[in-house]
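The structure appears below as C-alpha cells.
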Amino acid sequence: MPTVRDATFDVLRLHGLTTMFANPGSTEVPFLTDLPEDLHFVLALHEGSVVGAATGWAIARDEPALVLLHTTAGLGNAVGALATARANRAPLVVLVGQQDRRHLAQEPFLAGRLEGLAGDYPVSVAVPARAQDVPGAVGRAVHAARAGRGPALVIVPMDDWAEPAEDLPVPAPAVLRRATTADPAAVAEVAALAARARNPALVVGAGADSADTWAALTALAERLNCPVWQEPFGARAGFPQDHRLFAGHLPAARARLREALAPYDLLLVVGAPFLRQYPYGQGPLAGPGTRVAVVTDDPDEAHRAPADLAVVTPLPDFCDRLARRVPPRDGREPDHAPPPTGELAPHSEREAAEPPNSGELAPHSEREAAEPLNSGEAVNVPSVPDVLDAPRSADVLSVREVLGSRGASPAPGALDSSAGVDVPSVPDALDAPRSADVLSVREGLGSRGASTVSDTLNSPAAADMPTALDTPRSAKALSVREALGSRGASTVPGALNSPAGVDASSVSSASGGPSVPDALNPTTPPITSAEPTPPASPAVANSPGSGGSLRAAQVLAVLAGRLPVETVIVEETPSSRPDLHALLPARRPLGFLSAAMGGLGFAMPAAVGLRMGQPRRPVVAVVGDGSSLYQIQSLWTAAHYGVGVVFVVLANGRYAIMDRLAEQHGGKAPWPAFGEVSVSGMAVALGCPARTVTRYPELLAALDEIVPTLYSRTEPVVLEVVVVPDPEFRP
C-alpha cells in the first residue's frame, strides 16, 4: 500500500522538485533512505550552505527549490539564510523534520518548538494534523512559495513517512495559474476542459456575488447549457437562484455531496472553496474521472483545492472571456447569447489566433498515477503539468528536452492532437504568462522580434540596444577614475598591461564555450555568446597598494577585461562593492547577484546552487576573506558535485569595512585582524583546488589559465588574492 512518503514523492515529481538540498539528521532518515533514482540528493555541510545553495538554484531556474532541515538545530542554523532567501524573493519548499508524533506530548530528545522558530520570514508554515495530510501540505507549500516568493515550511514528524497514504486526490491543485487580469492561456485551458466535457456543472460561491460576475456566469452557464449549484454553507449567492439553470444548494455531508455531483465529468468551481463539508466523511469529494477546475480570487482557496487546475484571477473578466470562448452546447444558441462582437479585442496575437486542437488536462487522479514515459517511444509532447511546471532557464526548453530529462509521461489522453479541443499549442503553453510577475518569453521579447532570450541577445536587433546590453556601464556609472581618484589611487597609462607585457584585455574563452555535463540539470540550454567585456579605464593600470601589493580595484579591473559578458557575478565583498559596480557592470539578465538583506554567508553557497541550476552559465563569486568564512563549507559541496564555480577571494586579513566604519565613528576598533587565516588552505582541506596570488603577474597568469575554462569547468577553484585594505569606504 502506498505510504505518505510515496504520495509525497509523487507531489514533488508533479512540481519538478526532484533535486533536494540537505544536511540531514535522524528525523530525516525515514524520508531519505533508499531514495528513488529519479530524485537527486545534494549534501551541504552546514544548514546555511544548504539554504544558500537552494536559493541560488531557485533564482537560477525561477522555480521553487526543495530543502530538508533537521528539527530545531537545523532550522535554527538556517534562519539567517531563510531570511536572505525571503529578501531575495527565492521560492523554497522546506521540509523540517520533527520527532516521532507518538510521543511529542512528552517533548522527547530532539523534539522542537518549530512553528515560530524562523519568525516572520517564511511565507507559510504548515503543521499537518495527521500523517495523511502531509502530501497536501507539501503541494500547498509549492504554491505558497511561488506566490510569496520565499520559503514555505512544512513540519513533518519522522514517523509520518511510513504511515499509509489515503487513496484520495491530494488536496492541492496540480496546476495553479495567477494573473492580475484574465490570462488568455488560462482561459484557453479552462475552455478546453469545458469543450471536452460531456456533462459539465458549475459550482458557485460567495466570491462570485457581484453584478459583473453574475452576468458573466449567467452567459457561461447558458453557453454550456449546464446546471449551476451553490456551494455548501454559502454565505452569499454566486448566481441568480431564480434562473432556469440553477440546480440548488449542495449538501454539506461528503457522501451526499459526492452523490449530487456524480453525474458530472467536469466541475467548474467559481468563487468558492472546493468544497466545504460538515461533518467529516470518508472518500473523495468527486467521483473517479471527474475533472475539477477552480477559478477564484482567493489564493488560499486555490492552494487547498484538490483540483486539476486552479486559476487565481479577478472573476468577472475571466468568466466573461470564458463565456465568449466556449462553444454553445447541444447545437443551439443560448437564451441570452454573448454580445455580437464575437471575441474580445485580443490582448495578443496568440489570443486572436484560432486555437489549435491540443487535447486536455487529465484527471488529477490519473495524472498522479501515470507511469513514466518510455524514452524510446515516439512521443514528443509532454503532459500539461510537464509543460506548465517544467523548470525554465534563460531560454525556453524544447518539449523533447523537458521529456528527455524528466522521463515524464503525458497524462492519459492529454494533448491528443486528434481530440479537436480548444486548447493552446505547446509553444503557446510554453510562452504563456505564468503569473503577474513573470512575462512570457514571447510577450517579454516579442517587440524585438526574438523568440528566446538567447535569440534576443544574439540577434541583429541586439545591436540596437547598446544601453541595455552592450555598454559597459550606464550614464550614471562612475568612471574608474571617479571611483578611485578620491582615494588617492595612482594611475599609470596603459590599463591592464602587466609588467610582463601581457595584454590583460585579451579574452581567451572561445565563443559558445562547451557545455557542462550535469546529471542534475541536463536540459539547461547553452549560452552561445562569449563576447569579451570591454577593458576598464586606464585609471587602474598597475596601481598597486603599498609595497607593490595588489588592491581590490586592480583585481576587479583585470577581471573586467577577461570575463565573458554572460558571467554571473555573485558578490559578497562589502568594502569593495562600489568598485565592483563601477568595474564589472551587469550586461546580461542575472549578471549580478548579492544578498538582498546584507547578511554574510550567502555568496559562496548561492554561487554553487546557481551554477547547478544553469551549468552552462559562467559563475564567478567575488567575496572577501571575512565573508568567505561564514559558509566556506560550501566549497566541499562544489567540489564533491563537480560544480565549476570560480571563487575570487579578496583577502585583506581583516574586516576592512568594519575598520573604516569605526574610523568614521571617530574611534578605534576593538576587534583584531586575522591575517593568519588561509582561505586557500581551508579550501584544499575541503577538497577544492585553490591557489594564492600576491603579485600582479601571478594574477594575470592565473586568470589567463582559468577564464577560458569558465563554460566547461567541472570542478571549482579558489583564487585567493592578497590585497591591501581599501583606505576608504564610500557606500
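The C-terminal position of the sequence shown is numbered 728 in the numbering used here, with every residue numbered one higher than the one before it.
Just so it is clear, CB atoms sit at the ideal spot from N, CA and C, and this is done for glycine as well.
By the 16-neighbour rule on beta-carbons within 10 angstroms, Asp622 is buried. In the structure shown, Trp668 falls within a coil segment according to DSSP collapsed to helix, strand and coil. Check the Cα spacing between Pro276 and each of Gly77, Arg253, Thr711 and Arg288: the tightest is with Arg253. In the three-state reduction of the DSSP assignment, Ile654 falls in the helix class. Between Leu242 and Glu256, the C-beta spacing is not below 9 Å. Distance between Val721 and Pro669, taken at the CA atoms: about 16 Å.
Between Pro125 and Val153, the gap from beta carbon to beta carbon is short of 9 Å. If you ignore the 5 residues before and after Arg233, its C-beta comes within less than 7 Å of the C-beta of Ala203 and Asp206, all in its own chain and listed in chain order.
The beta carbon of Asp97 sits closer than 8 Å to the beta carbons of Pro105, Pro154, Met155 and Asp156 from its chain, once the five residues preceding and following it are set aside; these are given in chain order. The three-state secondary structure of Met679, taken from DSSP, is helix. The criterion of a C-beta distance shorter than 9 Å is not satisfied by Leu32 and Val64. For Thr689, the three-state secondary structure derived from DSSP is strand. Between the alpha carbons of Gly113 and Val91 lies a gap of roughly 14 Å. The beta carbon of Ala84 lies closer than 8 Å to those of Ala592, Ala593 and Met594 in the same chain, with the five residues before and after it left out. Contact annotation: Ala4 and Ala19 have beta-carbon atoms that are not nearer than 9 Å.
Burial of Pro313 is indicated by the presence of at least 16 other C-beta atoms within 10 angstroms of its C-beta. Taking all protein chains shown into account, Gln551 has 16 or more neighbouring C-beta atoms within 10 Å of its C-beta and is therefore buried. Assigned with DSSP and collapsed to three states, Pro181 falls in helix.
If you draw a 10 Å sphere on the C-beta of Val26, you find fewer than 16 other C-beta atoms in it, and that means exposed. Here Ser46 is buried: its Cβ has 16 or more other Cβ atoms, across all protein chains shown, within 10 Å. An exposed status is given to Ala259, since fewer than 16 other beta-carbon atoms sit within 10 Å of its beta-carbon.
Assignment of Gln95 by DSSP, reduced to helix, strand and coil, places it in the strand class. Where Ile56 is concerned, the enclosing alpha helix (DSSP H) starts and stops at Glu44 to Arg58. Pro325 sits in coil when the DSSP states are folded into three classes, being neither helix nor strand. For Thr0, the CB contacts under 7 Å within the same chain, skipping 5 residues up- and downstream, are Trp158, Ala159, Glu160, Pro161 and Ala162 in chain order.
Ala144 and Asp305 have their C-alpha atoms roughly 18 Å apart.
The C-beta of Gly116 has fewer than 16 other C-beta atoms within 10 Å across all chains shown, which makes the residue exposed. Counting of Cβ neighbours within 10 angstroms places Gly641 among the buried residues, the total reaching 16 or more. Each residue's CA atom was taken as its position, placing Pro237 and Gly268 some 14 Å apart. Exclusion of the five residues before and after Arg651 leaves Ala670 as the residues of its chain whose Cβ lies within less than 6 Å of its Cβ.
Within 10 angstroms of the beta-carbon of Asp327 lie fewer than 16 other beta-carbons, which makes it exposed. Using a 10 angstroms sphere on the CB of Ala102, the tally of other CB atoms stays under 16, which defines it as exposed. Taken through DSSP and simplified to helix, strand or coil, Ala269 comes out as coil. Scanning the segment 269 to 318 from its first residue to its last, the whole alpha helix (DSSP H) runs of 4-plus residues come out as 296 to 300. Nearest to Ala682 by C-alpha distance, out of Trp633, Ala189, Phe644 and Val309, is Trp633. In the structure shown, Thr711 adopts coil according to DSSP, grouped into three states.
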